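There are 2 protein chains.
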Amino acid sequence: MTEEKGLTPRAQDFAAWYNEVVLRAELADYAPVRGCMVIRPYGYAIWELVQRALDEMFKQTGHQNAYFPLFIPQSYLAREAEHIEGFAPETAVVTLGGGKELEEPLVVRPTSEAIIWPIMAKWIQSYRDLPVLVNQWCNVVRWEMRTRPFLRTTEFLWQEGHTAHATEAEAEEEARRMLGIYRKFMEEGMAMPVLTGRKTEQGKFAGALRTYSLEALMQDNRALQAGTTHNLGQNFARAFEVTFQNEKGERDFVWNTSWGVSTRLIGALVMSHGDDLGLVLPPRLAPVQVVIVPIYKADRERALVLEVAQRVSSVLQRMVRVRVDDRETLNPGAKYYEWDLKGVPLRIEIGPRDVTAQQVVVARRFVAGDGKRKITMREGEILASVERLLEDMQRELRARARQRREENSHRDVTSYEDLKAILEAKGGFVYTGWCGSPECEDRVKEEAKADIRVIPDDEFRSSKAPERCPVCGAASTQEVVWAKAY
Amino acid sequence: MTEEKGLTPRAQDFAAWYNEVVLRAELADYAPVRGCMVIRPYGYAIWELVQRALDEMFKQTGHQNAYFPLFIPQSYLAREAEHIEGFAPETAVVTLGGGKELEEPLVVRPTSEAIIWPIMAKWIQSYRDLPVLVNQWCNVVRWEMRTRPFLRTTEFLWQEGHTAHATEAEAEEEARRMLGIYRKFMEEGMAMPVLTGRKTEQGKFAGALRTYSLEALMQDNRALQAGTTHNLGQNFARAFEVTFQNEKGERDFVWNTSWGVSTRLIGALVMSHGDDLGLVLPPRLAPVQVVIVPIYKADRERALVLEVAQRVSSVLQRMVRVRVDDRETLNPGAKYYEWDLKGVPLRIEIGPRDVTAQQVVVARRFVAGDGKRKITMREGEILASVERLLEDMQRELRARARQRREENSHRDVTSYEDLKAILEAKGGFVYTGWCGSPECEDRVKEEAKADIRVIPDDEFRSSKAPERCPVCGAASTQEVVWAKAY
Chain A
413 MTEEKGLTPR AQDFAAWYNE VVLRAELADY APVRGCMVIR PYGYAIWELV
463 QRALDEMFKQ TGHQNAYFPL FIPQSYLARE AEHIEGFAPE TAVVTLGGGK
513 ELEEPLVVRP TSEAIIWPIM AKWIQSYRDL PVLVNQWCNV VRWEMRTRPF
563 LRTTEFLWQE GHTAHATEAE AEEEARRMLG IYRKFMEEGM AMPVLTGRKT
613 EQGKFAGALR TYSLEALMQD NRALQAGTTH NLGQNFARAF EVTFQNEKGE
663 RDFVWNTSWG VSTRLIGALV MSHGDDLGLV LPPRLAPVQV VIVPIYKADR
713 ERALVLEVAQ RVSSVLQRMV RVRVDDRETL NPGAKYYEWD LKGVPLRIEI
763 GPRDVTAQQV VVARRFVAGD GKRKITMREG EILASVERLL EDMQRELRAR
813 ARQRREENSH RDVTSYEDLK AILEAKGGFV YTGWCGSPEC EDRVKEEAKA
863 DIRVIPDDEF RSSKAPERCP VCGAASTQEV VWAKAY
Chain B
413 MTEEKGLTPR AQDFAAWYNE VVLRAELADY APVRGCMVIR PYGYAIWELV
463 QRALDEMFKQ TGHQNAYFPL FIPQSYLARE AEHIEGFAPE TAVVTLGGGK
513 ELEEPLVVRP TSEAIIWPIM AKWIQSYRDL PVLVNQWCNV VRWEMRTRPF
563 LRTTEFLWQE GHTAHATEAE AEEEARRMLG IYRKFMEEGM AMPVLTGRKT
613 EQGKFAGALR TYSLEALMQD NRALQAGTTH NLGQNFARAF EVTFQNEKGE
663 RDFVWNTSWG VSTRLIGALV MSHGDDLGLV LPPRLAPVQV VIVPIYKADR
713 ERALVLEVAQ RVSSVLQRMV RVRVDDRETL NPGAKYYEWD LKGVPLRIEI
763 GPRDVTAQQV VVARRFVAGD GKRKITMREG EILASVERLL EDMQRELRAR
813 ARQRREENSH RDVTSYEDLK AILEAKGGFV YTGWCGSPEC EDRVKEEAKA
863 DIRVIPDDEF RSSKAPERCP VCGAASTQEV VWAKAY
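Residue numbers (my numbering), protein chains in the order written: chain A, 413 to 898; chain B, 413 to 898.
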């Protein structure tokens, strides 16, 4: 990492900026395996915080973790027709095992419905065994043509929830509940506002009845699908004969859901909040929330300053993830540069004069509006002040992201020319009516490289329902949100 | 699960007992993929507790988690000669990706040295970048011929630590430190005493300079290798050109270690502590430490008893993992049977008479010696009493396992006839001298189906050093421990 060379500014080349942040903040690195990346310790520490927060929410809503095999016999994947059609082109296949050609090739899971349901079928006999609420944290593989760290890689880490229910209504409720849990995490944990809604037929998961999605707007005004939940109906239950005896004593197929978010969320964090100095992490997901940088010249000062730094650190670490950067090989400026790049929310500077005055200087990684970047505070009040600052920053970061999204949401777009012009010139979320035909969606895809991100949930709909589909002019059956997307 | 049919007694068929416990306690199930298993929620909850405890210990000693790719280009695996020789016969190989034959086949990682070091080589420039202390929690695949749930499966979950150091002494110290951490976890967390020591040349990891191992004795008197740590010397550094500039300004190869434990530990728990009623879990690794079973006949009693059960539960859950089993579909006897099978340390029975007397009955899953299985205690003292009981049980379980190991350790064995006879008739750990030749180890392997588990660490050595190798009669150069093993 060369300190001298700054990052490419976002306004100049957002994609280059993104890649530089990912590499130089040491979130990830390229791997010498096609389309794969390495998640470096700093990036993985963010993922661990994501996991911890989500896992707790899953467990609070009655889900249990389990682990199903990495390999899926090829014939299993083929049992659900839409599913195999969607996933076959992007699978990695094991054909050799223990030095011999396998009788049946094994697909490395791209998602686990086709291995989980044939197994769980054995465990479900009666309505008393339902609901089954299972989740797994694992790696999956999809043979992607164009890959970018976190956003699209051949192998990625994710969680996949899989549930079985006695009725369609319960499955629908579960798909909706998990959408709500994801939304809560993204908005409160990631400080990232999301649009929620239903995917069109073309956008839904291969094999699902309905797919719900959470869409966030990145700083380059492209949408990022941050997570999805699926009401799978009885499609997989039929394919894998997952039946149960209902309360009337009849055999019936279960109703399934699945839902997942992945390490892609780390890419979403980068592109939601980062600036030209690097990463900006929401305090709740910052592996280091406060870094303390001791400042000294003479050796005599060093001992004094480090002693106070350690004391402040031990006070803060009761409630905060704190680190003292006592590296001798870097000067304070180089440390500031590095921790700004890594998005640490607060930096505490302690020099000999601060020691004498029993104070510290706290620098915020970002300020909202015309707020002050540096605050001097008395050592005695530091814990309460830092906690409050971190909470403020979390809230302000979210408000800033929300404001940016609102400024880049375009409603009341009624003509096809306007739709295309906005998508091409500005990007962002564009709300229009839609006739419901895939042909109109395809035309926008082809001509403006954008698609329908969601049929938005009620709360996101425009106050006045749009009247016409801007593409064909026919009457609108639902409002939709268009965007170019990752 | 049929309640009526008990488990096969351990004394009758230990292997059958093991499989039944694993399946019926719902730890795992077979998968329709060759040699693979499913870890069911109850088994996975144990694994999560194992992970949490170990992960904390790793982080306290400065290690950070990361994630490296699942796939290793075949040519990489081949770069370290011993390594490829050891692992090539048991690899699963991806030859198709995205519908096309790959130019270079990708091996599904059997262990990650061959992908981690070529990547980390880029990150290490100078002695200032050392040590590198990384760990990953992941799945690995080894194409095993004979598999058994948890003990040996084609795919399994593990953690693999990988470190790089500036000197041989530091690498050796790290391999030793991690051996100590594993031992502490196994003895204190799992209540499972382990022998530690060095593996012979034949027993070491393919590519290592030295392998250290932790060996536990199962109830059928077979040894189980519970974990290993490796001083890899500069073998992988040379193969993957992992160099650094030392303090003198010279380029040198780094010194590496690796170390791992896997879901095999769950099998070790089963076979260390289980009894003919099923699993016996050490309290620290029990997903449910206390189960509360309400006992009632009339509906009027039900509300009363459940109210107290919930009250007791909410007191306990401050410090203890507790669950109220309020299922209407099972009678208390069936619940006792199930929770005994699942190894829950304490069961609290609450009936109408207990409610009146403001007391509860606590039943221990196991008792040491002639201790009492059931204890009546006043509701007001329950939290302190339960906490103390769980601590007692943890300690007693460990003492019992330790005593069993000592009773089945045979020292002062000097003749080859005795060595073979003990290994065949009794099993257990057999201490003898050894001349150091692989031929003598091979002979025992062939004739008694046992091998040298470890060259034991000092504290495990017999007070009087053995004089001769019992196999060939030559002078002993070191004491060794023989056993039949999993």
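Yeah, the Cβ is synthetic: ideal placement off N, Cα and C, and Gly gets one too.
Remember, it's a predicted structure, so these values are computed and weren't measured experimentally.
Of all Cβ atoms in chain B, is any one closer than 9 Å to the Cβ of phenylalanine 480(A)?
yes
For a contact meaning CB atoms closer than 8 Å, what does isoleucine 531(B) contact in chain A?
Asp441, Ala443, Pro444, Val450
Can you tell me whether DSSP reads glycine 449(B) as helix, strand or coil?
The displayed chain sequence assigns methionine, not glycine, to residue 449(B). In this structure, methionine 449(B) counts as strand in the three-state DSSP scheme.
What's the gap between the Cα of alanine 862(B) and the Cα of valine 703(B)?
42 Å
Would a C-beta distance cut-off of 9 Å place alanine 500(A) and leucine 489(A) closer than the cut-off?
yes
So, helix, strand or coil for histidine 495(B), using DSSP?
helix
State yes or no: is the beta carbon of phenylalanine 499(A) nearer than 9 Å to at least one beta carbon in chain B?
no
Find out if the Cβ-Cβ distance for the pair threonine 567(A), valine 553(A) is shorter than 9 Å.
A quick correction: the sequence has glutamate, not threonine, at residue 567(A). For glutamate 567(A) and valine 553(A), yes; Cβs fall inside 9 Å.
Chain B contacts made by the segment 565-583 of chain A, where a contact means CB separation under 7 Å
Glu567, Leu569
In this structure, how does DSSP classify glutamine 770(A) when only helix, strand and coil are distinguished?
coil
Span of the beta strand (DSSP E) around asparagine 647(A):
Element bounds for asparagine 647(A): not the beta strand (DSSP E) but the alpha helix (DSSP H), 647-652.
Backbone CA spacing between arginine 812(B) and glycine 686(B) [nearest angstrom]:
12 Å
Closer than 8 Å by C-beta to glycine 755(A): which residues in its own chain qualify, once you throw out the five before and the five after it? Chain order, please.
So the list reads Ala437, His685, Gly686, Gly690, Leu691, Val692, Leu693, Ala698, Arg777, once near-sequence residues are dropped.
Taking contact to mean at least 3 C-beta pairs separated by less than 8 Å, is the segment 631-642 of chain A in contact with the segment 585-597 of chain A?
Counting Cβ pairs under 8 Å, three or more are found: they touch.
How about valine 544(A) and valine 520(A): are their beta carbons less than 9 Å apart?
Not in contact: valine 544(A) and valine 520(A) (Cβ atoms no closer than 9 Å).
Report yes or no: do the segment 756-766 of chain A and the segment 705-722 of chain A share at least 3 C-beta pairs separated by less than 8 Å?
Per the Cβ contact rule, the segment 756-766 of chain A is in contact with the segment 705-722 of chain A (3 or more Cβ pairs under 8 Å).
Among Tyr843(A), Gly848(A), Ala860(A), Gly885(A), nearest to alanine 877(A) - alpha-carbon criterion:
Tyr843(A)
Helix or strand or just coil, what does DSSP make of leucine 514(B)?
strand
Given a threshold of 16 other Cβ atoms within 10 Å of its Cβ, counted over all protein chains shown, does glutamine 614(B) qualify as buried or as exposed?
exposed
Please report the distance separating the alpha-carbon of valine 720(A) from that of arginine 739(A).
16 Å
So which of Ala578(A), Glu516(A), Ala493(A) has the shortest CA-CA distance to proline 485(A)?
Glu516(A)
Boundaries of the beta strand (DSSP E) in which glutamine 537(A) is found, first to last residue
Following the DSSP letters along the chain, one finds glutamine 537(A) in no beta strand (DSSP E), marked with neither H nor E.
According to DSSP, residues forming a beta bridge with asparagine 547(B):
Asn477(B), Gly573(B).
Under 9 Å, do valine 798(A) and leucine 728(A) count as touching if we go by C-beta distance?
Closer than 9 Å, so yes.
Beta-carbon separation of alanine 886(B) and cysteine 847(B) under 9 Å?
yes
May I ask which residues mark the beginning and end of the alpha helix (DSSP H) holding glutamine 745(B)?
For the record, residue 745(B) in the displayed sequence is glycine; it is not glutamine. Bounds of the alpha helix (DSSP H) holding glycine 745(B) are 744-753.
Report the three-state DSSP secondary structure of isoleucine 628(A) (helix, strand or coil).
Isoleucine is not the amino acid found at residue 628(A); the sequence shown has alanine there. Reduced to three states, the DSSP call for alanine 628(A) is strand.
Let me know the secondary structure DSSP gives lysine 861(A) once reduced to three states.
coil
List the endpoints of the continuous alpha helix (DSSP H) containing lysine 832(A).
828-837
Is it buried or exposed, glutamine 806(B), if we count other Cβ atoms within 10 angstroms and call 16 or more buried?
With 16 or more neighbouring CB atoms inside 10 Å of its own CB, glutamine 806(B) falls in the buried class.
With a threshold of 9 Å between beta carbons, is alanine 457(B) in contact with chain A?
Alanine 457(B) counts as touching chain A.
For arginine 650(A), which residues from the same chain have a beta carbon less than 7 Å from its beta carbon, with the 5 sequence-adjacent residues on both sides left out?
Phe665
Can you tell which of Asn647(B), Asn668(B), Arg865(B), Ala746(B) has the C-alpha that lies nearest to the C-alpha of glutamate 494(B)?
Asn647(B)
Below-9 Å beta-carbon distance, tryptophan 535(A) vs any chain B residue:
yes
Kindly provide the ranges of any beta strand (DSSP E) runs that are 3 or more residues long and lie completely inside the segment 578-623 of chain B, ordered along the chain.
Fully enclosed beta strand (DSSP E) runs of 3 or longer: 607-610.
Taking the alpha-carbon positions, what's the glutamate 460(B) to methionine 469(A) distance?
16 Å
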